[in-house]
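Numbering (this note's numbering), first residue to last: 1 to 124. Positions of the beta carbon are idealized from the N, C-alpha and C atoms, including for glycine. Okay, so here's the structure we're looking at.
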């Protein structure tokens, strides 16, 4: 059975200047579905872009090209990020509701989680 190839995302943020926008568009246009004009329009509403599911080599090369430009560039493994996110969520065993943060009971069906630990605020 073929082994799955690792996929990486590259998050580029703090894109404030028009020169930075043009530089980033030039570097990422081959990795995203949008063309240059669509990306120019996209950057009118946000200062961050995420290039998704590229190979490790492409991600490293892209990060290398973008460094020393006053940009915040972050590369991460898609599977590790997914596991991280799943570890933070809890699914209610009674109704299946997904809680983003652990609570003592389900807000949907009021099932009380038996292993939820309250933090004791009292200092004796």
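- DSSP bridge partner residues for residue 54 (one or two, in chain order): Taking the chain shown and counting its residues from 1, the one referred to as residue 54 is at position 54. According to DSSP, residue 54 bridges with 8.
- Might you give, ordered along the chain, the residues of its own chain that have their beta carbon closer than 8 Å to the beta carbon of residue 40, omitting 5 neighbours on each side? Residue 40 sits at position 40 when you count from the first residue of the chain shown. Taken in chain order, the residues that qualify are 21 and 25.
- Task: Count the other CB atoms, across all protein chains shown, that sit within 10 Å of the CB of residue 59; report buried if there are 16 or more and exposed otherwise.
- Result: Counted from its first residue, the chain shown places residue 59 at position 59. Classification of residue 59: buried, given that the 10 Å Cβ count is 16 or more.
- Query: Does DSSP put residue 25 in a helix, in a strand, or in coil?
  - Reply: Counted from its first residue, the chain shown places residue 25 at position 25. Helix at residue 25.
- Message: If you measure between the beta carbons of residue 12 and residue 66, is that distance less than 8 Å?
- Response: Within the chain shown, residue 12 is the residue found at index 12, counting from 1. Within the chain shown, residue 66 is the residue found at index 66, counting from 1. A contact, by the Cβ cut-off of 8 Å.
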